[in-house]
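Residue numbers (the working numbering): 49 to 335.
For every residue, glycine included, the Cβ atom is placed at its ideal position computed from N, Cα and C.
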Amino acid sequence: MEQRQVRHVLIIANWSKKPAQTLSQTIVDYLAGKGIESSVSRTNKGNEPLVVKKETDLVICLGGDGTVLYCARYLQDLGIPILAINVGTFGYITEISVDEWQEAIDYFLAGKNTISRRLMIRVGVFRKGKKIFTAHGLNEMVVSSSGISKVVSLSLHIGSTEAGFFRSDGMIIATPTGSTGYSLAAGGPILDVDLTSLIITPICPFTLSNRPLVVSGDSTITLTIPKGQRTGLMLSVDGQQNFCLQEEDMVIVEKSQSKALLVASERRNYIEVLRDKLNWSGGGLHA
């Protein structure tokens, strides 16, 4: 187990959360005591540009799952590990609690933490054969109504195979990390985060036989917006990147060439997080 050489740490803090403001300075001082330079980037604070120094070897993310999604999006092609500390109220991705930050940093510097390599998606919108929008996401992409009428029509292809025509409130294509988010609420399965798969989940489908489908992460998934929609349509990636769609647009989803590198907690694993967050205690033997 080799000590990790860390030249610079970037702390990305959700500035709308008071604990993140206080903790960011505490961590700066703690790292300085170890001879490690650091800087703080504030989200929700005047749209500060995210500056990542070339010598950055670790990003510490202070916030909830939304802040992790923000970090993953901006760092997706840089290969920098993200140590996510949960200062929010409810997090699946942020396994490390706010009172464990010092232990988690020490473990990372000592080379004791494992790093979870999470599949991300790349989403492209094509209009009349030309790509007009690109986004990367860690959780999911959603195509849904942007108007009062909720029902939309979507044509689905998986690879070159026509997979069906859907009338529903929309469609979610989620990663294993995103399987505990919107997809789960819409009836999708929970996947282990280390899988390389994608989930296709219709939202309130008009036909009850339209069920969630898990496909290979190597699949190329295409959603086509047919003519005759009764409402406008919106594409949303991780709930943070939005784009208005038009009839005959094609939305192509595939795995990103890069992965999000999340520092795992040494105190709890993914199944334990699920058990606690979803209250899987039940009655059983522990009643």
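1. Could you spell out the range, first to last residue, of the beta strand (DSSP E) harbouring S87?
2. Would DSSP call G111 helix, strand or coil?
3. Distance, Cα to Cα, L131 vs Q277?
4. Less than 7 angstroms between C-beta atoms, sequence neighbours within five positions excluded: which residues of the same chain meet that for C119?
5. Please determine, among Q124, W149, I128, G112, the residue with the shortest C-alpha to C-alpha distance to K102.
6. For the segment 295 to 335, list the alpha helix (DSSP H) runs that are entirely contained and at least 4 residues long, ordered along the chain.
7. Taking the alpha carbon of L310 as the reference point, which residue from L293, R259, T142 has its own alpha carbon closest?
8. Thinking just about the alpha-carbon of each residue, which of I248, M168, G226 is nearest to the one in L202?
9. Which runs of the beta strand (DSSP E) at least 3 residues long sit entirely within the segment 109 to 163? Give them in chain order.
10. Alpha carbon to alpha carbon, what distance is there between M189 and V146?
11. Kindly list the residues whose CB is nearer than 6 angstroms to the CB of V171, restricted to its own chain and excluding five residues on each side of it in sequence; keep chain order.
12. Between P237 and P260, how many whole angstroms is the CB-CB distance? I'm expecting something under 8 angstroms.
13. Look at I273 and I221 and say whether their C-beta atoms are less than 8 angstroms apart.
14. Taking the CB atoms as reference points, tell me whether D113 and G83 lie closer together than 8 angstroms.
Straight from the coordinates:
1. 85 to 91 is the span of the beta strand (DSSP E), which, as asked, contains S87.
2. Strand, per DSSP.
3. It is roughly 43 angstroms from the alpha-carbon of L131 to the alpha-carbon of Q277.
4. Contacts found: I60, V107, C109, I130.
5. Ranking Q124, W149, I128, G112 by Cα distance to K102 puts I128 first.
6. Fully contained in the segment 295 to 335 are the following alpha helix (DSSP H) runs of length 4 or more, in chain order: 318 to 325.
7. Measuring from the Cα of L310, the nearest candidate turns out to be T142.
8. For L202, the nearest C-alpha among the options comes from I248.
9. The beta strand (DSSP E) runs of length 3 or more contained entirely in the segment 109 to 163 are, from start to end of the chain, 130 to 134.
10. Taking the CA atoms as reference points, V146 sits about 29 angstroms from M189.
11. Excluding sequence positions up to five before and after V171, its CB lies within less than 6 angstroms of the CB of A183, M189, V285, V301, all in the same chain and listed in chain order.
12. Indeed, because the Cβ distance is near 6 angstroms, the residues count as touching under 8 angstroms.
13. Taking 8 angstroms as the Cβ cut-off, I273 and I221 do not qualify as a contacting pair.
14. No Cβ-Cβ contact shorter than 8 angstroms links D113 with G83.
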